[in-house]
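In the numbering used here, the protein residues as written are 3 to 238. Virtual Cβ for every residue (Gly too), placed ideally from N, Cα, C.
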């Protein structure tokens with residue numbers, strides 16, 4: 003976060019005020035940058051989805067209804083018999099790189115109030131997560147020049163939750179760990195007994211680098227594959 007630097011000796015009562023205003027401006031700017039990134043990525047994905055599902059009998063439709071979006075639905079994946087609600091989760095902060103992990107949100111703060119993260123949020127009606135990783139750009143380090151290629155992994159939400167429970171990581175267990183970690187005020191990686199930190203995953207508390215201070219369940223993509231919770235749709 004960028005702050006306005008003031009001399010506290012000459013204007014001590016204004017320093018906090020200007021810092022706060024600058025934070026608001028930067029947050030507003032970052033919000034619009036994120037929306038622009040999402041729009042550019044969305045256009046690319048809408049071009050590749052028809053090819054991915056061409057022989058499956060399924061069609062894809064992007065959701066514009068805000069009430070559905072708030073319920074964790076970006077796409078409708080459907081045929082004449084069935085409809086899946088899809089939530090796109092993209093690693094837009096990690097362009098031109100291939101992270102071996104993906105973060106599933108357990109909790110976050112908004113206006114200093116605790117909120118359950120999207121993985122266990124009962125207001126979300128998501129059936130499938132599309133994990134968008136390995137996002138490479140056409141030019142430079144930004145998306146303004148367009149998307150070159152991505153990797154898309156489809157993860158069934160209910161299968162993931164069931165597989166985690168079989169490992170002892172029920173919703174109750176994870177939220178208990180979440181509460182303990184938040185109370186510890188310790189930023190960073192938290193190893194838990196149910197997961198091998200090198201090959202499977204861990205919990206991560208972004209206490210100092212993110213305004214919402216989320217706690218995430220960070221899982222290895224290779225481990226997700228072994229859990230049989232979904233499949234790779236595109237690895238271009």
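Measure the Cβ-Cβ separation of residue 92 and residue 220 and say whether it is below 8 Å.
-> Going by beta carbons, residue 92 and residue 220 fall outside the 8 Å limit.
Inter-residue spacing [alpha-carbon to alpha-carbon] between residue 208 and residue 190 | So the two alpha carbons sit approximately 6 Å from each other.
Taking the Cβ atom as the reference point for each residue, do residue 217 and residue 160 lie within a distance shorter than 8 Å?
-> In this structure, the beta-carbon distance from residue 217 to residue 160 does not fall below 8 Å.
Pair within 8 Å by beta-carbon distance, residue 44 and residue 128 = In this structure, residue 128 does not lie closer than 8 Å to residue 44 by Cβ.
Could you give the residue range of the beta strand (DSSP E) that holds residue 221?
-> First-last of the beta strand (DSSP E) with residue 221: 217 to 222.
Please confirm whether residue 122 and residue 156 have their CB atoms less than 8 Å apart.
-> Contact check for residue 122 against residue 156 fails: the beta carbons are separated by 8 Å or more.
Compute the Euclidean distance between the alpha carbons of residue 232 and residue 158, then round it to the nearest angstrom.
-> If you draw a straight line from the Cα of residue 232 to the Cα of residue 158, it comes to about 6 Å.
Using 10 angstroms around the beta-carbon of residue 204, count the other beta-carbons present and answer buried if the total reaches 16, otherwise exposed.
-> Taking all protein chains shown into account, residue 204 has 16 or more neighbouring C-beta atoms within 10 Å of its C-beta and is therefore buried.
Per DSSP, cross-strand counterpart(s) of residue 158 = Partner(s): 130.
Would you mind giving the Cβ-Cβ distance between residue 214 and residue 111, rounded to the nearest angstrom? I have them listed as a contact below 8 Å.
-> Residue 111 and residue 214 do touch by the CB rule: their CB atoms are close to 6 Å apart, below 8 Å.
Which residue's Cα is closest to the Cα of residue 230: 162, 202, 196, 197?
-> Of the listed residues, the one whose Cα sits closest to residue 230 is 162.
Pull up the CB-CB distance for residue 65 and residue 47, whole angstroms please, since I reckon it's below 8 Å.
-> That pair is no contact at about 13 Å.
Residues that residue 1 bridges to, as DSSP identifies them = Nothing can be reported for residue 1, as the shown portion of the chain is limited to 3 through 238.
As assigned by DSSP and simplified to three states, the class of residue 214 = DSSP places residue 214 outside both helix and strand once states are collapsed to three, so it counts as coil.
Can you check DSSP and say which residues form a bridge with residue 106?
-> Assignment of beta-bridge partners to residue 106 by DSSP yields 219.
In terms of alpha-carbon separation, which member of 210, 169, 211 lies closest to residue 194?
-> The option with the nearest alpha carbon to residue 194 is 169.
Take residue 68 as the anchor and find which of 142, 202, 126 has the nearest alpha-carbon.
-> Measuring from the Cα of residue 68, the nearest candidate turns out to be 126.
Reference residue 171, options 58, 184, 198, closest by Cα = Cα-wise, what sits closest to residue 171 is 198.
Local conformation of residue 208 per DSSP, three classes = Coil.
Compute the Euclidean distance between the alpha carbons of residue 107 and residue 117, then round it to the nearest angstrom.
-> For the pair residue 107 and residue 117, the Cα-to-Cα distance works out to about 10 Å.
Of the residues 103, 174, 102, 97, which one's Cα is nearest the Cα of residue 143?
-> Answer by Cα proximity: 97.
Give every residue of the same chain whose Cβ lies closer than 6 Å to the Cβ of residue 234, excluding the five residues on either side of it in the sequence, and list them in chain order.
-> Within the same chain, residue 234 has close Cβ partners 155.
Kindly give me the distance between the Cβ atoms of residue 81 and residue 51, rounded to whole angstroms, as I take these residues to be in contact under 8 Å.
-> Between residue 81 and residue 51 the beta-carbon gap is near 14 Å, outside 8 Å, which marks them as no contact.
Limits of the alpha helix (DSSP H) - the one that residue 61 falls within = No alpha helix (DSSP H) contains residue 61, which is instead part of the beta strand (DSSP E) from 61 to 64.
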